[in-house]
Amino acid sequence: MQYINNKFYIEKKSVKSLAEKFNTPLYCYSFKNLKTNIQNFKKTFKSISPLICFSVKSNSNVYLLKEIKKLGLGADVVSKGELFASLKAGINKNKIVFSGVGKTEEEIEYAIRKNILLINSESLSEVLKIEEIAKKENKLVNIGLRLNPDTDAKTLKQISTGKSENKFGVDEKTFIKIINLMKKSKFIRIKCLSVHIGSQILNHKPYEKMLGVLDKLLKRLKYKFDIIDLGGGMGINYEKNNRKLNYNEYKKSIIKFRRKHNCKIIFEPGRSIIGNVGIILTKVIYLKHNKSKNFVILDVAMNDLIRPALYNAKHRIIPSIKNNSMSKKVLEFVGPICETTDKFLTEKKYQNIKENDIMIVCDTGAYGFSLSSNYNLRVKPAEILIKGNKVQIIRKRQKIVDII
Ligand SMILES: *Cc1c(COP(=O)(O)O)cnc(C)c1O
1474 MQYINNKFYI EKKSVKSLAE KFNTPLYCYS FKNLKTNIQN FKKTFKSISP
1524 LICFSVKSNS NVYLLKEIKK LGLGADVVSK GELFASLKAG INKNKIVFSG
1574 VGKTEEEIEY AIRKNILLIN SESLSEVLKI EEIAKKENKL VNIGLRLNPD
1624 TDAKTLKQIS TGKSENKFGV DEKTFIKIIN LMKKSKFIRI KCLSVHIGSQ
1674 ILNHKPYEKM LGVLDKLLKR LKYKFDIIDL GGGMGINYEK NNRKLNYNEY
1724 KKSIIKFRRK HNCKIIFEPG RSIIGNVGII LTKVIYLKHN KSKNFVILDV
1774 AMNDLIRPAL YNAKHRIIPS IKNNSMSKKV LEFVGPICET TDKFLTEKKY
1824 QNIKENDIMI VCDTGAYGFS LSSNYNLRVK PAEILIKGNK VQIIRKRQKI
1874 VDII
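Structure below.
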């Protein structure tokens, strides 16, 4: 994705032409970016040869899942719906792990019947429930047990998951208790230790700490796990400064860890695979000025992209056509929804913009459409996939009749 002669292109397509053809707001994805991200991720961790399970909650579009499958990844799912979508996309059941703090009986039964690689469990009650269902189905079920390593991921508190006050995983004491309890089970085999300390992590130190916690625990436990699932959480650069995760340092600490504990590694990346693959095209509906502010009212809103309202997350907004004029007015980019938090960004210096201009909300591939809603009875946007000069509609824009 780039400007060519001041016009923004996704691969071979100008976004202006896409907005005219498919209307706005519009989710657009670049196949090339997806492929590059997956290839880079694989290359980075090549010496570890991990199983890479794409975190489906970050983007659950079945067409994208099909492409992700073709590029060799498995799936990390957190609901029956996501498991269904992943299987529908052709993802191999031996490459699917099912995570989540509260899987229902229906979900567990479905996962067991589909013979997926692992159900990652997060409580004693759930392990016992899985055992009960496994017994009923007369199967030996492989599970993972999620440890809460009490590690601060140094990310937004709303997306931190690895501290003892968070609901995720079990503490060490419970972990050891469950392992000992299940040693004799005929229906459950604990094959994997899993962790996931949070999302949008840009510092490798929390990962190092987490591995340190695992190392200590494994030495105490004297129990052999075939698999260590390290979760996802690798951050991306939303602000175009130079902050990025030092993958090399993370890799080095994993290699060191594996010298002591020989095991298969699973990663569950979401954002780092799909975040910068997507953008939203949006139109300026109105410009409005009051005493202290200049509002740019867009046709995209918090129902289409809730991250700014939910996490105070920042997504850059850039023009589809650069005009090199500069205004010093303070602009506030907002959506049309009746909520004060329906606001995206404040900019102190920006080019002059007019009503009906097409704008681009950047890096919305992860936790964009998948977190969207019909609030205000607004229909969900269409999604398109661009491959070179080819464009495919991968989800139709909803119709009002579909949602009332
Ligand atoms: C959300 C989640 C992920 C993916 O996180 P990213 O930050 O998108 O990489 C991986 N594993 C689990 C268990 C999750 O809940």
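For what it's worth, the numbering used here labels the leading residue of the sequence shown as 1474, then goes sequentially.
We put the beta carbon where it would ideally sit given N, CA and C, even for glycine.
Predicted model only: the values in this text are computed from it and were never measured.
Since residue i and residue j should fall inside the 8 Å C-beta cutoff, what is the C-beta to C-beta distance between them, to a whole number of angstroms?
i               : j               : result
leucine 1499    : lysine 1568     : Not a contact, Cβ separation roughly 31 Å.
lysine 1872     : valine 1852     : 6 Å
leucine 1754    : isoleucine 1833 : 6 Å
proline 1622    : isoleucine 1585 : Contact doesn't hold; Cβ gap of about 28 Å is too wide.
threonine 1647  : leucine 1597    : 6 Å
asparagine 1733 : aspartate 1688  : In the sequence as displayed, the identity of residue 1733 is lysine instead of asparagine. Confirmed, about 6 Å.
lysine 1795     : tyrosine 1476   : 6 Å
lysine 1508     : leucine 1544    : 6 Å
serine 1528     : glutamate 1741  : 5 Å
asparagine 1785 : serine 1845     : At roughly 18 Å, the Cβ-Cβ gap does not stay under 8 Å, so asparagine 1785 and serine 1845 are not in contact.
leucine 1620    : valine 1668     : 5 Å
aspartate 1640  : valine 1574     : A small fix is needed here, since residue 1640 is lysine in this sequence, not aspartate. Lysine 1640 to valine 1574, Cβ: 6 Å. Contact.
Spatial neighbours of residue i within its chain, please: CB distance less than 7 Å, with the 5 preceding and 5 following residues excluded, ordered by chain position.
i                  : result
lysine 1505        : Glu1484
glycine 1838       : Tyr1502, Asn1532, Ile1747, Gly1748, Asn1749, Val1750, Gly1751
isoleucine 1663    : Ile1616, Leu1618, Ile1652, Met1655
phenylalanine 1495 : Ala1855, Ile1857
aspartate 1549     : Cys1526, Phe1527, Ser1528, Val1529, Val1570, Ser1572, Glu1741
phenylalanine 1698 : Lys1664, Cys1665, Leu1666, Cys1736
isoleucine 1606    : Glu1578, Ile1581, Glu1582, Ile1585
phenylalanine 1557 : none
threonine 1814     : Met1775, Ala1782
asparagine 1829    : Lys1756, Val1757
glutamate 1604     : Ser1658, Phe1660, Ile1661
valine 1686        : Pro1622, Thr1624
isoleucine 1564    : Leu1538, Lys1542, Gly1547, Ala1548
Measure from the alpha carbon of residue i to the alpha carbon of each residue in the options, then state which is nearest.
i                  : options                            : result
glutamine 1512     : Leu1601, Ile1728, Leu1546, Lys1530 : Leu1546
tyrosine 1696      : Ile1747, Gly1705, Ile1603, Cys1736 : Cys1736
asparagine 1611    : Glu1582, Lys1516, Tyr1759          : Glu1582
serine 1726        : Phe1518, Lys1630, Thr1577          : Phe1518
lysine 1602        : Ile1857, Ile1661, Ile1649          : Ile1661
threonine 1628     : Lys1650, Thr1509, Tyr1680, Glu1578 : Tyr1680
asparagine 1825    : Ile1791, Gly1808, Ala1774, Cys1835 : Ile1791
alanine 1774       : Asn1829, Gly1841, Asn1719          : Gly1841
lysine 1515        : Val1668, Ile1541, Lys1630          : Ile1541
leucine 1694       : Asn1478, Ser1522, Ile1564, Glu1645 : Glu1645
lysine 1724        : Ile1738, Leu1590, Lys1764, Val1874 : Ile1738
isoleucine 1701    : Asn1510, Ser1487, Ile1521, Glu1493 : Ile1521
glutamate 1812     : Leu1783, Val1864, Ile1859, Arg1716 : Leu1783
aspartate 1836     : Gln1865, Ser1800, Arg1789          : Arg1789
isoleucine 1859    : Ile1728, Ser1745, Val1488, Ser1633 : Val1488
serine 1658        : Lys1608, Lys1717, Glu1599          : Lys1608
leucine 1537       : Ser1843, Glu1493, Val1600          : Ser1843
phenylalanine 1600 : Asn1763, Arg1744, Lys1650, Ser1745 : The question names phenylalanine, yet the displayed sequence has valine at residue 1600. Checked all of Asn1763, Arg1744, Lys1650, Ser1745; the closest Cα to valine 1600 is Lys1650.
glutamine 1865     : Lys1630, Asn1478, Leu1491          : Leu1491
serine 1745        : Asn1478, Thr1497, Lys1717          : Lys1717
Which same chain residues, not among the five before or five after residue i, have their C-beta less than 8 Å away from its C-beta?
i            : result
leucine 1417 : Because the chain in this structure spans residues 1474 to 1877, residue 1417 falls outside the shown range and cannot be described.
lysine 1787  : Tyr1711, Glu1712, Pro1781, Leu1818
lysine 1869  : Ala1855
Quick one, are the C-beta atoms of residue i and residue j less than 7 Å apart?
i               : j                  : result
isoleucine 1876 : asparagine 1849    : no
glycine 1708    : leucine 1675       : yes
lysine 1539     : alanine 1562       : yes
serine 1672     : glycine 1706       : yes
asparagine 1767 : lysine 1802        : yes
glutamate 1595  : glycine 1642       : yes
serine 1793     : isoleucine 1831    : yes
leucine 1778    : phenylalanine 1730 : no
asparagine 1534 : isoleucine 1867    : yes
alanine 1626    : serine 1633        : yes
asparagine 1715 : histidine 1677     : no
Here's a check: name, in chain order, each residue in its chain whose Cβ is nearer than 6 Å to the Cβ of residue i, leaving out the five neighbours to either side.
i               : result
asparagine 1862 : Lys1485
leucine 1804    : Asn1767, Val1769, Glu1820, Tyr1823
lysine 1816     : Val1807
asparagine 1593 : Val1570, Ser1572, Gly1617, Arg1619, Ser1667
valine 1551     : Lys1530, Ser1572, Gly1573
glycine 1743    : Ser1528, Ser1531, Gly1705, Ala1839
glutamate 1722  : His1677
threonine 1497  : Leu1754, Thr1755, Lys1756, Asp1772
Are the C-beta atoms of residue i and some chain B residue less than 7 Å apart?
i           : result
lysine 1566 : The structure shown has no chain B; it contains just one protein chain.
When a residue counts only if its C-beta is closer than 5 Å to some heavy atom of ligand 1, which residues count, in chain order? Answer in sequence order: Ser1528, Ser1531, Ser1572, His1669, Ser1672, Gly1704, Gly1705, Gly1706, Glu1741, Pro1742, Gly1743, Arg1744.
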